[in-house]
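These notes concern the structure reproduced below.
Protein chains: 2
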Amino acid sequence: MQLPNPFDKACPTRQLLDRIGDQWTVLIVLTLAEGPMRFTEIGKRVDGISQKMLTQTLRSLVRDGMLKRTAYAVIPPRVDYELTGLGRELVVPLSVLEKWATTHMGQVQEARDVFDQGQAPVNA
Amino acid sequence: MQLPNPFDKACPTRQLLDRIGDQWTVLIVLTLAEGPMRFTEIGKRVDGISQKMLTQTLRSLVRDGMLKRTAYAVIPPRVDYELTGLGRELVVPLSVLEKWATTHMGQVQEARDVFDQGQAPVNA
DNA sequence: GTGTGTTACTATCTAATGGAGAGTAAGGAG
DNA sequence: CTCCTTACTCTCCATTAGATAGTAACACAC
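Those protein sequences? They're chains A and B, same order as listed.
Just so we're aligned, residue 0 is where the first sequence starts under numbering that gives the first Met the number 0, counting upward by one.
Just so we're aligned, residue 0 is where the second sequence starts under numbering that gives the first Met the number 0, counting upward by one.
Here's what the structure looks like:
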């Protein structure tokens, strides 16, 4: 048996890394860190996600054992999603990423300004 | 001035979070954590990346101040990429993600098996 | 001096992915 | 009846990514 190696495109850990780094996954998991939530409520918090992507991402997170889906047989339908133990283990690593983004945004913005400055005067 | 909030699709931190969570970004930054490297060498380590994506991702990482690009005026060309201070700060959070993927792969695989088991017997 | 090899790209075409918007089931309220 | 609600699905189009084929510019072999 091979060592798991995300740098190898055929390794399952590569796909898993892609999934947990995915933009919608990050946002959905961090949202559900606050507690169980309904489909529509998640969609409202994760600004800009389409229903299609919300459905798809939730479904694969459930399949991967990070979320638990509970459907109530009522009309109109009600479906709750919540993090499993496995999913909860992802919260800290992902919130570190989120924090990185918010705390370093300024530095990145500066770097961009410098870069774009150097690019622009081509036709000067 | 607004609070930075990645859940808002218009917030710059949202784009930044997307970028640092991007599959190729994660793999490239982790690769360069080993030290400066040439274009082709990075491409070989990050299995499956196309030249186009390698070029594009490297360029935006340079623009965002996470990588430094050094081109030598020789033939054939030689271009080195290396992490900046900012880029190096990303290494730990990203390697935590990588480690998460490798250590939890087993649990995810089990969850998938259970899930797919439950799906299949529809036509039983 | 013609041909071959090298490296870091760019260009073009096609395949896959994602978003927008409408449609659906099923019943309760008016 | 008709409308409303929610958690989806379907279809169509725009954007994105991948595959493949160039390209520049010189060094070296012949």
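Cβ coordinates follow ideal geometry from the N, Cα and C atoms, glycine included.
CA-to-CA distance, residue j to residue i, given in whole angstroms
i: Cys10/B; j: Pro75/B; result: 42 Å
i: Lys51/A; j: Trp23/A; result: 11 Å
i: Gly105/B; j: Leu66/A; result: 16 Å
i: Arg37/A; j: Ser49/A; result: 15 Å
i: Ile19/A; j: Leu96/B; result: 8 Å
i: Thr39/B; j: Lys8/B; result: 35 Å
i: Leu15/A; j: Leu93/B; result: 14 Å
i: Thr12/A; j: Thr102/B; result: 9 Å
i: Ile41/B; j: Asn4/A; result: 16 Å
i: Asp46/B; j: Trp99/A; result: 27 Å
i: Thr56/B; j: Tyr71/A; result: 44 Å
i: Val25/A; j: Gly117/A; result: 34 Å
Buried versus exposed call for residue i [16 or more other C-beta atoms within 10 Å across all chains shown]
i: Arg2/B; result: Residue identity check: residue 2/B is Leu in the sequence provided, not Arg. With fewer than 16 other Cβ atoms within 10 Å, it is exposed.
i: Arg58/B; result: exposed
i: Thr30/B; result: buried
i: Ala110/A; result: buried
i: Tyr80/A; result: buried
i: Gly34/A; result: exposed
i: Val73/A; result: exposed
i: Gly84/A; result: exposed
i: Asp115/B; result: exposed
i: Glu54/B; result: The sequence given here places Thr at residue 54/B; Glu does not occur at that position. Counting Cβ neighbours within 10 Å, Thr54/B comes out exposed, since fewer than 16 surround it.
Residue i at chain A interface by Cβ criterion, 7 Å
i: Gln22/B; result: yes
i: Gly64/B; result: yes
i: Val28/B; result: no
i: Pro35/B; result: no
i: Ala110/B; result: yes
i: Val90/B; result: no
i: Val121/B; result: In this prediction, Val121/B scores a pLDDT of 47, lower than 50, which makes its location untrustworthy; the coordinate-derived value is nonetheless stated afterwards. No, no contact with chain A.
i: Val25/B; result: yes
Contact belief for residue i with residue j at Cβ below 8 Å, rounded distance in angstroms
i: Asp63/A; j: Val113/B; result: Contact doesn't hold; Cβ gap of about 11 Å is too wide.
i: Val91/B; j: Val28/B; result: Between Val28/B and Val91/B the Cβ distance is about 11 Å, and since that is not below 8 Å, they are no contact.
i: Thr69/B; j: Val78/B; result: 7 Å
i: Arg44/A; j: Phe6/B; result: 6 Å
Interface flag, residue i vs chain B, CB-CB below 7 Å
i: Leu16/A; result: yes
i: Glu97/A; result: yes
i: Gly47/A; result: yes
i: Lys8/A; result: yes
i: Leu57/A; result: no
i: Val107/A; result: yes
i: Leu60/A; result: no
i: Leu85/A; result: yes
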